[in-house]
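Please read the structure below before turning to the comments.
Protein chains: 2
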Amino acid sequence: MTTTIPKSEPTSPVQALLERLHDRHAADLTGEVASYIPELASADPNWFGISLVTADGSVYEVGDTRREFTIQSISKPLTYALALEALGEEGVRAHVDVEPSGEAFNSITLQPGTGIPQNPMVNAGAIATTSLIKPSGAEQPIDRILNEYSAFAGRSLEVDESVFQSENSTGHRNRAIAYLLKNANVLDDEVEDIVETYFRQCSTLVDCRDLAIMAATLASTGVNPVTRERVLKEETVRSVLSVMASCGMYDAAGDWLYTVGLPAKSGVAGGIIAVLPGQLGIAVYSPPLDVHGNSVRGVKVCEELSNELRLHVMSPSRRPPPPVKASRTCIDARSRHLRTTSEQAVLNEHGSEVRVIELQGAILFAAGELVTRKILEDFADIRYEVLDFTAVREIDPVVVPIISHLVDAAEAAGGQMVFSDTDRHPKFMAATDALREAEGRSKVMTFPDLDLALEWCEEQLIGRYGEEKSHEEISIADHAAVEGMSPQEIEKLSACLERREYPAGTRIYEQVGHVDEMLLVVKGDINIEATGRDGNRHRIATFSEGMTLGEVAMMSGSMRLGTSEAANDVVAWVFSRDDLEALRDSDPAMICTFLENLMKLISHRVGHLSRSVMG
Amino acid sequence: MTTTIPKSEPTSPVQALLERLHDRHAADLTGEVASYIPELASADPNWFGISLVTADGSVYEVGDTRREFTIQSISKPLTYALALEALGEEGVRAHVDVEPSGEAFNSITLQPGTGIPQNPMVNAGAIATTSLIKPSGAEQPIDRILNEYSAFAGRSLEVDESVFQSENSTGHRNRAIAYLLKNANVLDDEVEDIVETYFRQCSTLVDCRDLAIMAATLASTGVNPVTRERVLKEETVRSVLSVMASCGMYDAAGDWLYTVGLPAKSGVAGGIIAVLPGQLGIAVYSPPLDVHGNSVRGVKVCEELSNELRLHVMSPSRRPPPPVKASRTCIDARSRHLRTTSEQAVLNEHGSEVRVIELQGAILFAAGELVTRKILEDFADIRYEVLDFTAVREIDPVVVPIISHLVDAAEAAGGQMVFSDTDRHPKFMAATDALREAEGRSKVMTFPDLDLALEWCEEQLIGRYGEEKSHEEISIADHAAVEGMSPQEIEKLSACLERREYPAGTRIYEQVGHVDEMLLVVKGDINIEATGRDGNRHRIATFSEGMTLGEVAMMSGSMRLGTSEAANDVVAWVFSRDDLEALRDSDPAMICTFLENLMKLISHRVGHLSRSVMG
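Order-wise, the sequence lines are chains D and Y.
Note that numbering that gives the first Met the number 0 has the first sequence beginning at 0, numbered continuously upward.
Note that numbering that gives the first Met the number 0 has the second sequence beginning at 0, numbered continuously upward.
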């Protein structure tokens, strides 16, 4: 069996860093190897492994990371987690408290008043915790425990029977503790059964890499980042990490939280784990122990890793990003619906009544508070407010009532709030709708993306301030493409055009494939869409009556910007390239006018696109 | 003096939430008001205030938040902070340890071995801490302490002399503790002076709002979020919060960390503070105390706030966003330098050799590790890698060696790494350059923005795979605008054109203001720039020889996309609108060809812009 990972050319700076740390401490044999049973006493003080596993499953290891040893007290938080999942917080708290003892691991003190062990990290509390794991069907407690540990490690773990026999035959103090617990009515079952299960759990064989994966599982909200299996519920992880933070390092727990600042647990065989919630798990294996029973090199490596990499959980740099990514009005932010000159005038004049707030990151309580405050602070002149969720990674359910209240406050101030791009947050929207329904309020208006939300807001402004739109078919003579032509020229051109109707939903042009024609749109709206980098279909623009479609592709032979589709019932006049060329030969002056008009129409689009580019 | 903030119509959901909490607990008079001195005994058990202050300085308050009371033990972490800043970690640790005592606030136990108090949150440790504040010039220790507390609160605080007199005349146990400390050589100065300073510090008058601002100052890396004054160094904050987390709630500290999960401190007058690092500070004032000496309603309000708002520091949802916002190659990501058809062909064929990694958020250790790993995992076919820092909020110095190693590893694999938009991270770049210089390596190549970095990468590809560029002036006959014209037509057109030279840096056209001419560019590059939403100038496009400039603005009378400036020595032929109109009248067929050519050139630009839009 290979137990040492050979040092190779460092392939990553993290690997290099771990190797430097390993080199720095390899010769430090300070401390004493545990000697109370022969199996531990025979450990070589030189054995030394470091492993670091990230919350997304990247495994780094150096030194003796594949040499097996017994898990010992690092089993305590794992069994505590199992008990929490089986009995719930209160069920477990009835048998074991969560107060730091300030005492050694083998403390025999019980809590004054309740008479239960002080916390699950000292032996008394751990034995009480193990007693809470009951048989389930054919599974004995130790089977359930081993199954959980194996899920934590991502491989099948076993008990070292000879260590178990030694522990069991020499563990007098632990037996004494168990009998005292029985005497205090903390244990329900047979003392001998419980103690044997406890000794077996402590004798589970793991290696340094297993421990780092276990720590990373705690870092990764309870999901083993290598196997992707959920081992624990999120709430359980919180409780386990809290107890590890306050009690994990026995009588050195305060110093540990102060200097290392990571929830941690050590074992007498020389293992130690430390967890940076959300980010990574660390494990060190080195048998020589300090007076507290913690691995000397393990403590040093954790201290140095924490300092060098600034992993301390109270580190002030761990603050969240600002929740508002950008705030714009409809003066700057426009939908991709190309507007007529008169519509544009309305939006230029009244666009400041529409505001877009783009949120980002994780919207937890403090972020929700900030967003709400910022929005209400200067809501006076806002009529329509778009809250865009495109860049939001997650929304804490605690934000639901805050955001719902914001919607109502906006309404009370005479405005309306709409949400865009909430599809990736179905739970948030369902909870918001449920809350609003329970309070007798209407649902929040939502749009699949910001573009559509903006289009709706623009239409509200245009409907409120603009001329009423007829939605009737315009005559060719009123189309911008013939501006400046004489009636005779218009008649001559019209004679070449073919009227075509596209019912709503008709695909007009594909993106690829040349078509030798262009359209003069005289009724309805046409959506141009393409597939974005995210793989989804996005609208590039909407063209309406008075605009042209396809002239650039026809003239240049280039690919279209996207597919075009009738958004509603569309009528257009088709102008074929053949007819255009024939007319150019017979009446080039007229076609010059026509081409100049096309250039003006294109200029309108280019301006529209460039505004998007300048974002 | 008004001491109660009247309840008004809730203007924010956070205010509403605090008011609900206040209502829920207002009638709960459980617990006993401290009675050891008459000033505390006279407190009305009904007094009840809650205040919450965010790390960006938003203040919420409900109930008796402006009623003054004495700070008592909440002074302990503040004086501890002052001592840390005066003496440093080690200087302070020589006089007071950081281990949770599991004992009451008035514990008299000293640490076995060292004989120093267990931690600065019990009275013994707090007295030892106060003794470390020495006179400075004319300032007595209590002046220094009051100055610091005032900076924490953002207003000038004073000592309640009658409380001080009572404390001083009845504080026998604290005097006993101080004499024991003197006996153990923990105190250097006169016991009576130290004890008086300690009693005065405890008798400082604060209100609930002050305390919440103090807590928010600890949440906000040591900067008072209301006054914006830096009160503490960041490292000091970390240490203070660590001790509050492990020892702040006396013998209930484990339960507190488990259920509330926030660093906290309480005082015997009924005040309590809790800190969510990076986000907010909470304070509650309610005189009745539980058996541990903590405010009953204070504990309940903190518990409920933590649960309802998920503030627990071990909450697994507090994980950072993914550091890689987007990864693209030069197939999708192009600079705004418009390329010729042959250049485009090179970029289409070889664009996958240029990769852009856009980073985002705070790049701490784990993020640096992830980025490095992702980049090196599939670096094989990459020749140029752009690391874009536009969306990076902060970079932890620990990432410097990791990123520097990445640059070298990329080079070793045959590639080159360049950075873009690092201007907002001067310390990071300076540290990276210093490290690389110390290791005898070259500086990292950086560009002010992604667009310029991409342009450089494109030019590398074009230089490597494309035809050699002559940089010579092209003839009009080779310009795309005259494609398809006969030599006679070209000659006729040329006769109307005026040759103009623009030395590098010349402003060619302003964005606003109509100019009745357009350019046929025959040499050099022209940058089109405009002011973006961020207020900075951004390049929209670069046009080169063979392209036209200004035709859309000339034909349509619309505003230009931006200003245009000669990037290097430019030569262009000017075509005036008058000449164009005259030629149209005399030779409309030729002008038709010309306009069709312009449309093809515009089509090229539209495609370029639309690619940016689709992002």
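Just so you know, even glycine gets a beta-carbon here, dropped at the ideal spot from N, CA and C.
If you compare the alpha carbons of 338(D), 527(D), 520(D), 547(D) with that of residue 506(D), the shortest gap goes to 527(D). C-alpha of residue 354(D) to C-alpha of residue 73(D): approximately 54 Å in a straight line. When DSSP states are grouped into helix, strand and coil, residue 305(Y) belongs to the helix group. Within chain Y, the residues whose beta carbon sits less than 8 Å from that of residue 252(D) are 98, 99, 245, listed in sequence order. The Cβ of residue 554(Y) sits closer than 8 Å to at least one Cβ of chain D. Using a 10 angstroms sphere on the CB of residue 43(Y), the tally of other CB atoms stays under 16, which defines it as exposed.
Burial state of residue 442(D) is exposed, judged by a 10 Å Cβ sphere holding fewer than 16 other Cβ atoms. Taking the Cβ atoms as the reference, residue 368(D) lies roughly 6 Å from residue 53(Y), within the contact range of under 8 Å. Looking at 239(D), 381(D), 386(D), 515(D), the one whose alpha-carbon comes closest to that of residue 312(Y) is 239(D). Residue ranges of uninterrupted alpha helix (DSSP H) with 4 or more members, entirely inside the segment 559 to 612 of chain D and ordered along the chain, are 576 to 585.
For residue 231(Y), there is no enclosing alpha helix (DSSP H), as DSSP marks it with neither H nor E. DSSP places residue 71(Y) in the helix class (H, G or I) of the three-state scheme. Residue 104(Y) is bridged by DSSP to nothing; it lacks a bridge partner. Contact note: residue 513(D) does not reach chain Y at a C-beta cutoff of 7 Å; the least C-beta distance is about 13 Å. Considering only 580(D), 530(D), 472(D), 301(D), the residue with the shortest C-alpha distance to residue 517(D) is 580(D). In terms of beta-carbon proximity, residue 55(D) lines the interface with chain Y, with at least one pair separated by less than 8 Å. Contact of residue 309(Y) with chain D by beta-carbon distance below 9 Å involves 363, 364, 395, 396, 397. Between the alpha carbons of residue 427(D) and residue 394(D) lies a gap of roughly 7 Å. Chain order gives no chain D residues near residue 37(Y), where near means a beta carbon separation below 8 Å; the closest approach is about 31 Å.
Neighbours of residue 588(D) in chain Y, taken as residues at a C-beta separation under 8 Å, are given in chain order as 583, 584, 587. Here DSSP, grouped into helix, strand and coil, assigns residue 519(Y) to strand. Just so you know, the alpha carbons of residue 358(Y) and residue 379(Y) end up roughly 21 Å apart. Inclusion of residue 409(D) and residue 324(D) in the CB contact set at 8 Å is not warranted, their separation being larger than that value.
A distance below 8 Å between beta-carbons, with the five flanking residues on each side excluded, links residue 558(Y) to the following residues of its chain, in chain order: 510, 511, 552. Scanning the segment 439 to 498 of chain D from its first residue to its last, the whole beta strand (DSSP E) runs of 3-plus residues come out as 444 to 446.
In the three-state scheme derived from DSSP, where H, G and I count as helix and E and B as strand, residue 361(Y) is classed as strand. Taken in chain order, the whole beta strand (DSSP E) runs of length 3 or more contained in the segment 254 to 287 of chain D are 263 to 265, 270 to 275, 279 to 284. Along the segment 116 to 128 of chain D, going in chain order, the ones with a CB nearer than 8 Å to a CB of chain Y are 117, 118.
Membership of residue 180(Y) in the alpha helix (DSSP H) is indicated by the continuous run 171 to 182. Here residue 577(Y) is exposed: its Cβ has fewer than 16 other Cβ atoms, across all protein chains shown, within 10 Å. The criterion of a C-beta distance shorter than 8 Å is satisfied by residue 554(D) and residue 598(Y). At least one C-beta of chain D is nearer than 8 Å to the C-beta of residue 278(Y). Taking the CA atoms as reference points, residue 524(Y) sits about 29 Å from residue 539(D). By the Cβ neighbour-count rule, residue 140(D) is buried, with 16 or more other Cβ atoms within 10 Å of its own. Here the alpha carbons of residue 583(Y) and residue 550(Y) stand approximately 15 Å from one another.
Contact check for residue 176(Y) and residue 122(Y): beta-carbon distance about 6 Å, within the 8 Å limit, so the pair qualifies.
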